[in-house]
Amino acid sequence: MTSKRDTAAHIRWLMETEGETVKHNTTVINQRRYDVFEEMGEEARQDLRSRARAIKEDAIERLPELVEQLRESVEANGGTVYLAADAADANRHIADLVAEAGAESVVKSKSMTTEEIEVNDALESGGVEVHETDLGELVIQLAGEKPSHIVGPSLHKSKPEIAALFDEHFDLEEPLESAEELTAFARDYLAERIEEADVGMTGANFLVAETGSLALITNEGNARKVVESTDTHIAVAGIEKIVPSLTDLAPFFELVASSGNGQSITSYTSVFSPPVNTPPLDGADERAFHLVLIDNGRSEMREDEVLRETLYCVRCSACLNSCANFQHVGGHAFGGETYTGGIATGWEAGIHGQDSAATFNDLCTGCSRCVNQCPVEIDIPWINTAVRDRVNRTGDDAILDPLYAGLTPDIEDGGIDHQKRLFGNFETLARVGSALAPLSNWVGSLAPSRYLLERLAGVDRRRDLPTFQRETLREWFAARGGTHVREPTTDRRVVLYPDTATNYIDVERGKAAVAVLESLGVPVEIPAVPSSGRAPLSQGMVETARERAHAVDAALADHLDAGADVVVVEPSDLAMFRDDYEKFLPDASFDRLSSNSYDLLEYVYGLVVQEGVDPSALAGPDDTGGARVAYHSHCQQRTMGLEAHTVAVLEELGYEVQTSSAECCGMAGSFGYKSQYYELAMEVGESLGDQLSSLEYDHVLTSGTSCGEQVAAVLDDDPAHVAELIAPR
Amino acid sequence: MSRTNNTVDRSLRSAFRDRLAAVDVDSTVVSRDALADTLETRLTEPAVASDLGDGVDLPAAIGTEPTLADLRAAATGITRARLGVASLGSIVVSSSPGLDGPVSLFPPKHVAILEAADIVADLETALELLAADFAAGANDVVFVTGPSSTGDMGELVVGVHGPAEMEVVIVE
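In the order they appear, the protein sequences are chains A and B. Position 323 of the first sequence, counted from 1, bears residue number 618 in our numbering, the numbering being contiguous throughout. Position 168 of the second sequence, counted from 1, bears residue number 237 in our numbering, the numbering being contiguous throughout.
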């Protein structure tokens, strides 16, 4: 296992060498995707997504049957089909096909599946020249590197780096500088390679069982050229690429282009049933076509309840581009042997094995920003969490220290590492820390304690630890005699959920939440409710999270049945109630909780904007000393579509709100505390800090605990929770 | 192949032309009589064409059975388009059995001739028609939307393995 120090060093090195180019390219594409989604319209896009999802679910369900149907169709068209069990099997067969064609050189269009099986190495070791014709693939082929991104394999390379690479590899009359010059040179060079080649090799974005057709999606036009110019075409594709019929392609063409590249459709979207009838341009009499279908773990993935969903992936890279960690470090850290980004955990675990997934899986913080971007609605954070759980169970870190074991009363089996166990049991730590405050804070801040904490549990010494409050929110609430609303103005009553951060650490925002709700005439109570399980879930401790879900449900059931609304301050806990608990609770329990729990500001929005409750007791710009607000909404809050409610309430009260576009603050609960990820988390945080500090504001606001800690760390300012700004003065 | 629509839907045509403009493709609408003259003004020689069917008189210098050398030397390639997709500004080139594929791909400029009646609303409709074409023996189409492009050399560059320039001549 790689040490935390080595992991940190590797990430640091990649951030220094590739980070800037990766960040530029991914953030540009990320914004383009949002722009084209807006152009498409949310309703139209959701309609395409649900159709695409249904087609994939059906196709994977019927996969064995579709493989056979495809085989018959391709053979009827005059092609051959080979189903390769694994990479070695595929490469042997491809080498035979190339030898039969008498080929000395092969030209390829871009295909991640051929990267997966490493066919270039296999062919080259047999003396066959292989030329990549996609310009991005050409760049990494020349550099001898692996793709850093599924769609843009050389996305980590800057223009000057590409120019230097060309200068090194080609006998240039004068150095190439502009992107136009580089492109023109590559085009002419590759046109000659294509003309010389005997075999054209492509992947396939989709395969159509009914007609034996391939769909290829490109912008450069190289796939078409490779197919039309050579007389032997070998297509290499995973079995998961099959859809039943030609008309099933309709939702995918727009989804792949928009989700992947921020285009309505790519320049070239080909649909053809090879061998095609276009006369071969190399003078040969006829065309040959060979389809090599790759299993390589996919049949087992299909039988695996966690990994099966990965087979719906259309490899658009939306989950890479929308990921704050990916944007700052790229696929050479956030990726396995072949695949990169959030979805790579599923692909790598299924194809190269769990060990490959384990090398980067922790880089998914579960922030969920990719979830609504995925064109086939894959729950990518869940795949990461569930694989993390499996990885946890393979370790050999037995907990021997009785004190440590006492502080980590989870129900996980042995094997999980100390760091994950510590963060997964954060509620217990917070409870003990609060009971022993201020002593616990003082001891915790001492250099020897920080040294031990870093050494034993990988808590980075450079990060300020949270300050535990001696008086918890619940104790304060009881001491003030419960709710102060004596004459409710509404039938509604609120159970304010005492999340771990609000109850033990950020108690002031809890008091503000009570004040806001009571000023709107709503009675509040704060019963004892266990922690939501967010902390253990984020560490892959699924069984502990499941146990918490049942405990929360038990604690809230009577309140919900009696008609109370559950209001949640911490968005990551609300996301548990609304989304994650669906996996843990019976349907009726999940429905009861998810449909009656609210984000604090969503609830205020409902009262003020929808029900017309008078908000005049809340603090407006005149009370707080300025109208200009800079607001960073929590990642999961935005995924739930709840950023707008906070903005609307603030505007209703007379504030002018500017919001950040950073996907995540980088802290993500425990992630920013971990010594191996501290520097990456800070880099992500600095991007948010740069955005916020470029704004002119009177108040800087956040809604999540982590976001607040991170913004305080990167900005020379201490952000408040929204409730603290608007609570009555 | 059958005509797609019996009448020309002018709002569809205008939506299609707007989307073409959005993906940097020029378009003109001409009468059938004016088609040959229009093509002559649009092409840069040397030009190559695929079999355009009856009723299109090309200048004699333009061969419709180009060799690889002709394709590589050509400045303009002229083909028919099977369909136009209004919502996306795509044209559908049927690549087989003739040389429409290479003629539309190799030269730096592609001029496509599209019957106004073959403009359809969206991808859905286009794929339904193409599925029928495939059932009747067609086997090779490409949706072409704007010029060939890449972002792999550090910024967006137009004209990579395919044309940098496109024009659609709509015949009614």
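By construction, the Cβ of each residue, glycine as well, lies at the ideal position given by its N, Cα and C atoms.
A direct Cα-Cα distance of roughly 28 Å separates residue 899 of chain A from residue 341 of chain A. Given a length threshold of 3 residues, each whole run of the beta strand (DSSP E) inside the stretch 364–436 of chain A is given here in chain order: 375–379, 400–403, 424–427. By the CB criterion at 8 Å, residue 229 of chain B and residue 219 of chain B fall inside the cutoff.
Scanning its chain for C-beta atoms nearer than 7 Å, with the 5 sequence neighbours on each side dropped, one finds around residue 576 of chain A the residues 523, 524, in chain order. By alpha-carbon distance to residue 142 of chain B, the top candidate from B:130, B:216, B:184, B:115 is B:115. Taking a Cβ-Cβ threshold of 8 Å, none of the residues of chain B is close to residue 484 of chain A; the smallest such distance is about 12 Å.
Residue 563 of chain A belongs to the set of residues whose beta carbon lies under 8 Å from a beta carbon in chain B. Fully contained in the stretch 536–620 of chain A are the following beta strand (DSSP E) runs of length 3 or more, in chain order: 563–567, 583–589.
Taking all protein chains in view, the Cβ of residue 528 of chain A is crowded by 16 or more other Cβ atoms within 10 Å, so the residue is classified as buried.
Bounds of any beta strand (DSSP E) do not take in residue 929 of chain A, whose DSSP letter is neither H nor E. If you ignore the 5 residues before and after residue 591 of chain A, its C-beta comes within less than 6 Å of the C-beta of 381, 382, 646, all in its own chain and listed in chain order. Within the stretch 982–1015 of chain A, the runs of alpha helix (DSSP H) at least 4 residues long that lie entirely inside it are, in chain order, 1000–1009. Residue 738 of chain A is classed as exposed because its beta carbon has fewer than 16 other beta carbons within 10 Å across all chains shown. Residue contact check for residue 115 of chain B against chain A: no CB pair falls below 8 Å. Nearest to residue 87 of chain B by alpha-carbon distance, out of B:147, B:155, B:161, is B:155.
Per DSSP, residue 336 of chain A lies in no beta strand (DSSP E) and is assigned neither H nor E. By the Cβ neighbour-count rule, residue 940 of chain A is buried, with 16 or more other Cβ atoms within 10 Å of its own. For the stretch 162–173 of chain B, the set of residues with a beta-carbon nearer than 7 Å to any beta-carbon of chain A comprises 164, 165, 166, 168, 170, 171, in chain order. Collapsing the DSSP output to three states places residue 528 of chain A in a strand.
Taking a contact as a CB-CB distance under 8 Å, the pair residue 892 of chain A and residue 863 of chain A counts as one, their CB atoms being some 6 Å apart. Judged by DSSP in its simplified three-state form, residue 159 of chain B adopts strand. Listed in chain order, the non-local C-beta contacts of residue 888 of chain A below 8 Å within the same chain comprise 847, 848, 851, 855, 861, 872, 876, 880, local neighbours out to five positions each way being set aside.
Assigned with DSSP and collapsed to three states, residue 179 of chain B falls in strand.
Across the set A:603, A:815, A:301, A:532, the C-alpha of A:815 shows the shortest separation from the C-alpha of residue 907 of chain A. Residue 78 of chain B sits in coil when the DSSP states are folded into three classes, being neither helix nor strand. Annotation: residue 212 of chain B is outside any alpha helix (DSSP H); the continuous beta strand (DSSP E) that includes it extends over 209–213. Residue range 145–149 is occupied by the beta strand (DSSP E) that includes residue 149 of chain B. For residue 239 of chain B, the pairing in a beta bridge is given by DSSP as B:98, B:183.
For residue 899 of chain A, the enclosing alpha helix (DSSP H) stretches over residues 895–900. Two segments are said to touch when three or more pairs of C-beta atoms, one from each, lie closer than 8 Å; by this definition the stretch 100–117 of chain B touches the stretch 130–137 of chain B. In the DSSP assignment, the residues bridged to residue 496 of chain A are A:403, A:529.
Assignment of residue 880 of chain A by DSSP, reduced to helix, strand and coil, places it in the coil class.
For the 8 Å CB-CB criterion, residue 185 of chain B and residue 236 of chain B do not form a contact.
Counting the other Cβ atoms within 10 Å of the Cβ of residue 526 of chain A gives 16 or more, which makes it buried. Against chain B, a Cβ distance below 7 Å from residue 537 of chain A picks out nothing, because the smallest value is about 16 Å. Around residue 95 of chain B, no beta-carbon contact reaches into chain A at under 7 Å, the shortest distance being about 16 Å.
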